[in-house]
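These protein sequences, in sequence, are chains H and Y.
All residue numbers for the first sequence refer to numbering that gives the first Met the number 0, where the first residue is 0 and numbers rise by one.
All residue numbers for the second sequence refer to numbering that gives the first Met the number 0, where the first residue is 0 and numbers rise by one.
All C-beta atoms in this analysis are idealised placements derived from N, C-alpha and C, irrespective of residue type, glycine included.
All remarks here apply to the structure that follows.
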Amino acid sequence: MTDATVLDHEKEAGFGDYVALLKPRVMSLVVFTALVGLLVAPVSVHPIVGFASILFIAIGAGASGALNMWYDADIDQVMNRTKSRPVPSGKVTAGEAFAIGITLSVMAVIMLALAANLLAAGLLAFTIFFYAVVYTMWLKRWTPQNIVIGGAAGAFPPMIGWAAATGDITLASCLMFALIFMWTPPHFWALALFMKEDYSNAGVPMLTVTHGRKSTRTHILVYTILLVPFALGLGMTSIGGPIYLVASLAMNLWFVKGAIDIQRREESTAEADGYKAEKGFFRFSLYYLFLHFGALLVEATLRGYGMGGW
Amino acid sequence: MPLTEEHEIHTRRFGRNLGVGLLLAGFVALVFGLTVVKVKLIDPEIAAQEVRE
Numbered sequence: 000m001t002d003a004t005v006l007d008h009e010k011e012a013g014f015g016d017y018v019a020l021l022k023p024r025v026m027s028l029v030v031f032t033a034l035v036g037l038l039v040a041p042v043s044v045h046p047i048v049g050f051a052s053i054l055f056i057a058i059g060a061g062a063s064g065a066l067n068m069w070y071d072a073d074i075d076q077v078m079n080r081t082k083s084r085p086v087p088s089g090k091v092t093a094g095e096a097f098a099i100g101i102t103l104s105v106m107a108v109i110m111l112a113l114a115a116n117l118l119a120a121g122l123l124a125f126t127i128f129f130y131a132v133v134y135t136m137w138l139k140r141w142t143p144q145n146i147v148i149g150g151a152a153g154a155f156p157p158m159i160g161w162a163a164a165t166g167d168i169t170l171a172s173c174l175m176f177a178l179i180f181m182w183t184p185p186h187f188w189a190l191a192l193f194m195k196e197d198y199s200n201a202g203v204p205m206l207t208v209t210h211g212r213k214s215t216r217t218h219i220l221v222y223t224i225l226l227v228p229f230a231l232g233l234g235m236t237s238i239g240g241p242i243y244l245v246a247s248l249a250m251n252l253w254f255v256k257g258a259i260d261i262q263r264r265e266e267s268t269a270e271a272d273g274y275k276a277e278k279g280f281f282r283f284s285l286y287y288l289f290l291h292f293g294a295l296l297v298e299a300t301l302r303g304y305g306m307g308g309w
Numbered sequence: 000m001p002l003t004e005e006h007e008i009h010t011r012r013f014g015r016n017l018g019v020g021l022l023l024a025g026f027v028a029l030v031f032g033l034t035v036v037k038v039k040l041i042d043p044e045i046a047a048q049e050v051r052e
């Protein structure tokens, strides 16, 4: 018998398991928002520089995902949503996840500095640090506000995309950050409402566990209302325009209506219909973000033809 | 054992090795492309000369 035959072949990681370590679904959102940030900037970027910038932003985000899986392996193991991830399923060791996370983080930051500029690279480094250290190691297990503050990590990509193109930070890029930052809490709390067993079992201080479900419903409504001025405000900047503003207004009305419905619902009603409203709100929140950034892209495209914008 | 003999681990890990190989090749191509673009952006004279030729 050789050394190789004692390995459990069933559990051996394939290439796809290493890709899964980088959280490709989160990565796709990062790629989309960073791409919009880069394309709506009032500076033209060489396609290869633009492609490389988005790629390294995505790799940086993926690397922070790998570091999150390394540190959270114990929590991931007990949550239904995460127990099939490469580390808890035993396909990739925690050490490998750590090594991949650190290596790709350093590589992504250095390459973004070379491809774009130091500001974009600095923002990417801060994002990775914020997600892996501030959110994963500190906030997530300590405070029910983990989602609120940790949401900043997911909000940086459009700002980095913008910085990669222009080399600066402006009101427009800050508002793109604010849009995702304020959107994150209602999005995740809606998920927490219908994935209730998961967070309790893992001992993560989710708002639903620490403050109760009624309070979480109220929090969703408050944060959804707070999100509105940022979403509409973005439409007033140089990257906004009438199309964005109309789309944003319609989506915000719908989103606030959904949040009011959730706030008014009794737990027994929600349980009886299988959390229909909560699941619908969560699904709509994905479209909400996608369509806001899509509308910004439409405005930028039209501006190229002398239309769109203010 | 002859050096050319295929071990079972070679076939089993083919997908993983191919993936890593393609990634590295892609990375080299990207760095090459970036270098060409950067040199042209830094020194527009090079780009202009290319057009003249």
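When Y:29, Y:21, Y:14 and Y:8 are compared against residue 52 of chain H, the one with the closest alpha-carbon: Position 53 of the first sequence, counted from the first residue, corresponds to residue 52 of chain H. When only C-alpha atoms are compared, the closest one is Y:29.
So, with DSSP's three-state summary, where would you put residue 42 of chain Y? Numbered from 1 along the second sequence, position 43 holds the residue referred to as residue 42 of chain Y. In the structure shown, residue 42 of chain Y sits in coil (DSSP, three-state: anything other than H, G, I, E or B).
Give the secondary structure of residue 77 of chain H by DSSP, where H, G and I count as helix, E and B as strand, and everything else as coil. Taking the first residue of the first sequence as 1, we reach residue 77 of chain H at position 78. Here residue 77 of chain H sits in helix by DSSP.
As a quick exercise: from H:292, H:221, H:192 and H:228, pick the residue whose alpha carbon is nearest that of residue 211 of chain H. For the purposes of this step, residue 211 of chain H is taken as the residue at position 212 of the first sequence. Residue H:192 is the option with its Cα nearest to residue 211 of chain H.
Once DSSP output is grouped into helix, strand and coil, what is the label at residue 195 of chain H? If you number the first sequence from 1, residue 195 of chain H lands on position 196. Collapsing the DSSP output to three states places residue 195 of chain H in a helix.
Touching or not, the segment 169-182 of chain H and the segment 147-158 of chain H, by the rule of three or more beta carbon pairs under 8 Å? yes
Count the other C-beta atoms from every protein chain shown that fall within 10 angstroms of the C-beta of residue 298 of chain H, then say buried if there are 16 or more, exposed otherwise. Position 299 of the first sequence holds residue 298 of chain H. With 16 or more Cβ atoms within 10 Å of its Cβ, residue 298 of chain H is classed as buried.
Alpha carbon to alpha carbon, how far is residue 200 of chain H from residue 77 of chain H? What you label residue 200 of chain H is simply residue 201 of the first sequence in a count that begins at 1. What you label residue 77 of chain H is simply residue 78 of the first sequence in a count that begins at 1. Computed Cα separation, rounded: 7 Å.
Quick one: grab the DSSP three-state call for residue 45 of chain H. Numbered from its first residue, the first sequence carries residue 45 of chain H at position 46. Looking at residue 45 of chain H - three-state DSSP - the assignment turns out to be coil, as it is neither helix nor strand.
Please list the residues of the segment 42-53 of chain H that have a C-beta atom closer than 7 Å to any C-beta atom in chain Y, keeping them in chain order. 45, 47, 48 and 51
Rounded distance between the beta-carbons of residue 39 of chain Y and residue 45 of chain Y, thought under 8 Å: Position 46 of the second sequence, counted from the first residue, corresponds to residue 45 of chain Y. Position 40 of the second sequence, counted from the first residue, corresponds to residue 39 of chain Y. At roughly 6 Å, the Cβ-Cβ gap stays under 8 Å, so residue 45 of chain Y and residue 39 of chain Y are in contact.
Relative to the C-alpha of residue 19 of chain H, which candidate in H:245, H:162, H:91 and H:274 has its C-alpha closest? If you number the first sequence from 1, residue 19 of chain H lands on position 20. In this structure, H:91 is the residue among H:245, H:162, H:91 and H:274 with its C-alpha nearest to the C-alpha of residue 19 of chain H.
With a threshold of 8 Å between beta carbons, is residue 19 of chain H in contact with chain Y? Numbered from its first residue, the first sequence carries residue 19 of chain H at position 20. No, no contact with chain Y.
Counting Cβ pairs, one atom from each stretch, are 3 or more of them under 8 Å apart for the segment 98-113 of chain H and the segment 222-241 of chain H? Not touching, per the Cβ criterion.
Whose C-beta lies closer than 7 Å to the C-beta of residue 232 of chain H among residues of the same chain, with five residues either side of it excluded? Position 233 of the first sequence, counted from the start, is the residue given in the question as residue 232 of chain H. If we look at residue 232 of chain H and ignore the five residues flanking it on each side, its Cβ neighbours are 174.
Please list the residues of the segment 12-39 of chain H that have a C-beta atom closer than 7 Å to any C-beta atom in chain Y, keeping them in chain order. Taken in chain order, the members of the segment 12-39 of chain H whose beta-carbon sits within less than 7 Å of a beta-carbon on chain Y are 13 and 14.
Neighbour-count burial assignment, residue 110 of chain H, 16 or more Cβ in a 10 Å radius: As a working mapping, residue 110 of chain H is identified with position 111 in the first sequence. Answer is buried; the Cβ neighbour count reaches 16.
So, helix, strand or coil for residue 238 of chain H, using DSSP? Numbered from 1 along the first sequence, position 239 holds the residue referred to as residue 238 of chain H. Three-state DSSP puts residue 238 of chain H in coil, outside helix and strand.
Shorter than 8 Å from the beta carbon of residue 3 of chain H to some beta carbon of chain Y? Translated into the one-based positions of the first sequence, residue 3 of chain H becomes position 4. Model confidence at residue 3 of chain H stands at a pLDDT of 47, short of 50, so the residue's coordinates are unreliable and nothing is read from them.
For residue 41 of chain H, is the classification buried or exposed, using 16 other Cβ atoms within 10 angstroms of its Cβ as the cut-off for buried? As a first step, residue 41 of chain H must be located in the first sequence, where it is residue number 42. Result: exposed.
If we define contact as Cβ-Cβ less than 8 Å, is residue 20 of chain Y a contact residue for chain H? In the second sequence, residue 20 of chain Y corresponds to position 21, counting from 1. No, residue 20 of chain Y lies away from the interface with chain H (no Cβ there is under 8 Å from its Cβ).
Just the Cα atoms here: how many angstroms apart are residue 272 of chain H and residue 265 of chain H? As a first step, residue 272 of chain H must be located in the first sequence, where it is residue number 273. As a first step, residue 265 of chain H must be located in the first sequence, where it is residue number 266. If you take the alpha carbons of residue 272 of chain H and residue 265 of chain H, they lie about 11 Å apart.
Find the residues of chain H that neighbour residue 36 of chain Y, judging by a C-beta separation of less than 8 Å, and give them in chain order. Looking up residue 36 of chain Y in the second sequence gives position 37. Chain H residues near residue 36 of chain Y: 45, 47 and 48.
State buried or exposed for residue 16 of chain Y, treating a residue as buried only when at least 16 other CB atoms are found within 10 Å of its CB. For the purposes of this step, residue 16 of chain Y is identified with residue 17 of the second sequence, where counting begins at 1. The Cβ neighbour count for residue 16 of chain Y, taken over all protein chains shown within 10 Å, is under 16; the residue is labelled exposed.
Within 8 Å (strictly less), CB to CB, does residue 114 of chain H reach chain Y? Position 115 of the first sequence, counted from the start, is the residue given in the question as residue 114 of chain H. So yes, residue 114 of chain H belongs to the interface.
Residue 187 of chain H versus residue 45 of chain H: straight-line alpha-carbon distance, rounded: Translated into positions along the first sequence, residue 187 of chain H becomes position 188. Translated into positions along the first sequence, residue 45 of chain H becomes position 46. In a straight line, the C-alpha of residue 187 of chain H is about 36 Å away from that of residue 45 of chain H.
Beta-carbon separation (whole angstroms), residue 261 of chain H vs residue 280 of chain H, contact threshold 8 Å: By 1-based counting over the first sequence, the position of residue 261 of chain H is 262. By 1-based counting over the first sequence, the position of residue 280 of chain H is 281. Yes, they are in contact, since the Cβ atoms of residue 261 of chain H and residue 280 of chain H sit about 6 Å apart, within 8 Å.
Determine the chain H residues that contact residue 29 of chain Y at a beta-carbon separation under 7 Å, and present them in chain order. On the second sequence, residue 29 of chain Y is found 30 positions in, with the first residue counted as 1. Under the 7 Å cutoff, chain H gives 51.
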